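In what follows, a single structure is set out as structure tokens and then discussed.
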Amino acid sequence: MFTQLLKTAPMMGATVLAATFAFGSAQAQDSDRPVVRVASNVNIPLRIFRAGNEIQGYEYEVYTQAFERSGYEVEVTDVAFSGLFSGLQAEQWDVVASNVFITPVRHEEMDHSEPYLGAFDALIVREDDNIQTLEDLEGSVVGTETGTTQAAYAESLNEEYGPFEIRSYDDIETQLLDLEVGRIDALTLGYPTAVTYIQERGLFEVLSTNDASFMIGAFFRKGDPLRDAFDEGLRSIKEDGTTAALFEKYFGDAPDENSPVVRVFDEPYVPTE
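For reference, each letter of the sequence shown is one residue, going -28 to -1, 1 to 245 in mature numbering (1 follows the signal peptide of the UniProt record, and there is no 0).
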């Protein structure tokens, strides 16, 4: 059962309107399972988003099923990204899971789960284009968004497979239009964004991806035993293939065998600079 209600969530002297979605709330009332409060920005394509009155997405299903394996019910509060961590430290919720990169600074300030997704970039081309391999990029025009990790990816491709022209843009929509009409031959995007536009428009395809530049996981207050409970459930759904199936469901491809989607980490993950 899926229910929805609105509540105010005071944070740092302000009042924030938050939409709270109680997953399985009727079952929670009739069972002895404790409820864990998860804060997410429910507006991230493929990862956590609304579909009608329901929440869907790879990350949402991962953390819901991981907690269920460990004996918890999940209640989700929709919060703007800027308020996620202050609310966590103020104990307004127990967990932050919202496409959050595991950075060295966050690693020091909070506890986090082992990764369950990587943030990486993609090179996309028109489906009907002559560019079929990375070697075909020589002499082409590749679009990218200024100041992003995707721009760095384009530069690295140019070093290995160029020379080609790199054309910088300030927004994604202009890039996509130029690719569609042939003013550029390829462009680099964040992989989930690329998949979203491919699904919506059906004109493009992914030619290549780079290695994950950041790992993504769930965040907890320092010393909270919920982290270990979550990791136990997460490892369980990795080992039985659940996370791989969820990744394929939302992203359309099977994950790489070394991807954090399926990899069970032998040691706690520590990010590097």
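Every residue gets a Cβ at the ideal spot worked out from N, C-alpha and C, and that includes glycine. Note that the structure is a prediction, hence the values are computed from the model and not measured.
Cβ-based burial, residue i [other Cβ within 10 Å; buried from 16]
i, result
"residue 324", "What is shown of the chain runs -28 to 245, which leaves residue 324 out entirely."
"D203", "buried"
"N102", "exposed"
"T49", "buried"
"E229", "exposed"
"P240", "exposed"
"K194", "exposed"
"Q64", "buried"
"Q122", "buried"
"G115", "buried"
Cβ distance (whole Å) where residue i is taken to contact residue j below 8 Å
i, j, result
"F192", "H84", "7 Å"
"R75", "P243", "Arg is not the amino acid found at residue 75; the sequence shown has Thr there. Between P243 and T75 the Cβ distance is about 6 Å, and since that is below 8 Å, they are a contact."
"residue 260", "Q28", "No answer is possible for residue 260: it lies beyond the span of the chain, which begins at -28 and ends at 245."
"N13", "V51", "6 Å"
Local conformation of residue i per DSSP, three classes
i, result
"D34", "The residue asked about is misnamed: residue 34 is Val in this sequence, not Asp. V34 falls in the helix class under three-state DSSP."
"F136", "coil"
"V77", "helix"
"A190", "coil"
"F202", "helix"
"I103", "coil"
"D142", "coil"
"S231", "coil"
Residues of its chain near residue i, where Cβ-Cβ distance is below 8 Å and the 5 sequence neighbours each way are ignored
i, result
"R207", "E86 and V236"
"G154", "R98"
Span of the alpha helix (DSSP H) around residue i
i, result
"G59", "L56 to Q61"
"F21", "Per DSSP, F21 belongs to no alpha helix (DSSP H); it is in the beta strand (DSSP E), F21 to A23."
Where the beta strand (DSSP E) containing residue i begins and where it ends
i, result
"residue 253", "Residue coverage of the chain in this structure runs from -28 to 245, which leaves residue 253 outside it and unanswerable."
"L159", "A158 to G162"
"residue 249", "Any answer about residue 249 is impossible in this case: the structure gives the chain only from -28 up to 245."
"L179", "F176 to T181"
Neighbourhood of residue i by C-beta distance below 7 Å, restricted to the same chain and skipping five residues each side
i, result
"L148", "Y169"
"T214", "Q37"
Contact set for residue i: own chain, Cβ-Cβ below 6 Å, skip 5 residues either direction
i, result
"Y125", "D93, T160 and N182"
"P227", "A216, F219, V233 and V234"
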